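Below: one structure, written as structure tokens.
Protein chains: 2
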Amino acid sequence: MTLGRYLRNARERRRERDRTYSLRQVALRIGVEPAYLSKIERDQVPPPSEGTIRRLACELDEDSDLLLAMAGKVSGDLQAIILQRPQLFADLLRQLKDAPDHAILTVVREVRDGDW
Amino acid sequence: MTLGRYLRNARERRRERDRTYSLRQVALRIGVEPAYLSKIERDQVPPPSEGTIRRLACELDEDSDLLLAMAGKVSGDLQAIILQRPQLFADLLRQLKDAPDHAILTVVREVRDGDW
DNA sequence: AATAGTGTGTAGTATGTAGTACACATGACA
DNA sequence: TGTCATGTGTACTACATACTACACACTATT
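As given, the protein sequences belong to chains A and B, one line each in that order. Residues 0 to 115 (numbering that gives the first Met the number 0) are what the first sequence spells out, left to right. Residues 0 to 115 (numbering that gives the first Met the number 0) are what the second sequence spells out, left to right.
And the structure:
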């Protein structure tokens, strides 16, 4: 699934309930030109900036990490976390690359409940 | 410490032992113009591309994740790992943001020796 | 029948990224 | 004392990113 298709789908589903989710009105609310949003939704332009994707995610009530991933981008705040301890997190991520989802989830929970 | 200062330092230390680590010769070996490397080492240009940083790291025997971090960049292979499961890794990283180093190291070892 | 709102095509722009090319002054050294 | 290598200043370039501006055709509404 591409970012554009996903966004158009999400917006149109929203629109069935709420008439204010036209392309033009959403474009107005997130602060871009309608023609540009149109091209985004049809994947006729490279993915927009992180900021614009975030505003779209917020507007459409979607997960911004997921939308950013569809755009091939990693959220700036995650990058900042890695950049503070690059070698440590590099090791961790490479270790977890092929780990199954449930193993990572276990780690997440362990850390959340961890007592250091 | 900036990337430029760090690189100049690393190269000049190297040079004391090996005369071939002049700015010009290193530039030649990593495939950039001497004038450009000069500017990089004096932080007079924005950090070079990931590829160029990697070649520098290799040439000077430095950790590329560390050099990339000084350049404000996250290694492309780490980004690829995150992009495959963005929500999972987003949760994990945000959980670990303020965890002490030793806790993360523990996780790394746990995962390495893990039996799933 | 007029008007308002909708999505889209085309063209253009500002800024950032990632460098090259060439000239120049200085110092080593044979 | 010539020449060779070294680091650096200036100017320029190609491509990518992230959009805007305007015009147009179609649809729905009143």
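The beta carbon of each residue, even a glycine, is placed where N, CA and C say it ideally should be. The model shown is predicted, which means the values in this text are computed figures rather than measured ones.
**Q.** Partners in chain B for isoleucine 103 of chain A, counting only beta-carbon separations shorter than 8 Å
**A.** What isoleucine 103 of chain A touches in chain B: Arg84, Leu87, Phe88 and Leu91.
Q. If you draw a straight line from the C-alpha of isoleucine 52 of chain A to the C-alpha of alanine 79 of chain B, how long is it?
A. Each residue's Cα considered, the two are about 19 Å apart.
Q | Contacts around arginine 10 of chain B, its chain only, beta-carbon distance under 8 Å, and the 5 residues preceding and following it disregarded | A | Tyr20, Leu22, Val25, Glu40 and Leu59.
Q) Cβ of aspartate 64 of chain A within 9 Å of Cβ of alanine 89 of chain B? A) A contact, by the Cβ cut-off of 9 Å.
**Q.** When A/Ala68, A/Leu67, A/Glu61 and A/Leu87 are compared against alanine 68 of chain B, the one with the closest alpha-carbon
**A.** Check the Cα spacing between alanine 68 of chain B and each of A/Ala68, A/Leu67, A/Glu61 and A/Leu87: the tightest is with A/Leu87.
Q.
Cβ closer than 7 Å: which chain B residues qualify as neighbours of aspartate 62 of chain A?
A. Chain B residues near aspartate 62 of chain A: Gln86.
Q: Could you name the residues of chain B that arginine 111 of chain A contacts, counting a contact when the two beta carbons are closer than 8 Å?
A: In chain order, Gln94 make up the part of chain B whose C-beta sits under 8 Å from the C-beta of arginine 111 of chain A.
**Q.** Same chain only: Cβ atoms within 8 Å of isoleucine 103 of chain B, ignoring 5 sequence neighbours per side
**A.** Taken in chain order, the residues that qualify are Leu95.
Q.
Between the alpha carbons of valine 44 of chain A and valine 44 of chain B, how many angstroms are there, rounded?
A. Looking at the two C-alpha atoms, the distance is approximately 29 Å.
Q: Report the neighbours of alanine 56 of chain B on chain A: residues whose CB is nearer than 7 Å to its CB, in chain order.
A: Going along chain A, no residue has its Cβ under 7 Å from alanine 56 of chain B, so there is no contact; the nearest lies around 12 Å.
**Q.** Pick from B/Pro46, B/Cys57, B/Tyr35 and B/Glu32 that is closest to arginine 13 of chain B, judged by C-alpha positions
**A.** Out of B/Pro46, B/Cys57, B/Tyr35 and B/Glu32, the CA that lies nearest to the CA of arginine 13 of chain B is found in B/Cys57.
Q) What do you get for serine 48 of chain A, buried or exposed, if any count of 16 or more other CB atoms within 10 angstroms of its CB means buried? A) With fewer than 16 other CB atoms across the displayed protein chains lying within 10 angstroms of its CB, serine 48 of chain A is exposed.
Q) Does the beta-carbon of alanine 34 of chain A have 16 or more other beta-carbons within 10 angstroms, so that it is buried, or is it exposed? A) Burial call: exposed.
Q) What do you get for glycine 3 of chain B, buried or exposed, if any count of 16 or more other CB atoms within 10 angstroms of its CB means buried? A) Per the 10 Å Cβ criterion, buried.
Q) What alpha helix (DSSP H) runs, 4 residues minimum, are completely inside the stretch 41-106 of chain A? A) As far as the stretch 41-106 of chain A is concerned, its whole alpha helix (DSSP H) runs of at least 4 residues are 49-59, 63-69, 75-83 and 85-95.
Q) Do we get a CB-CB distance below 9 Å when we pair isoleucine 52 of chain B with the residues of chain A? A) Residue contact check for isoleucine 52 of chain B against chain A: no CB pair falls below 9 Å.
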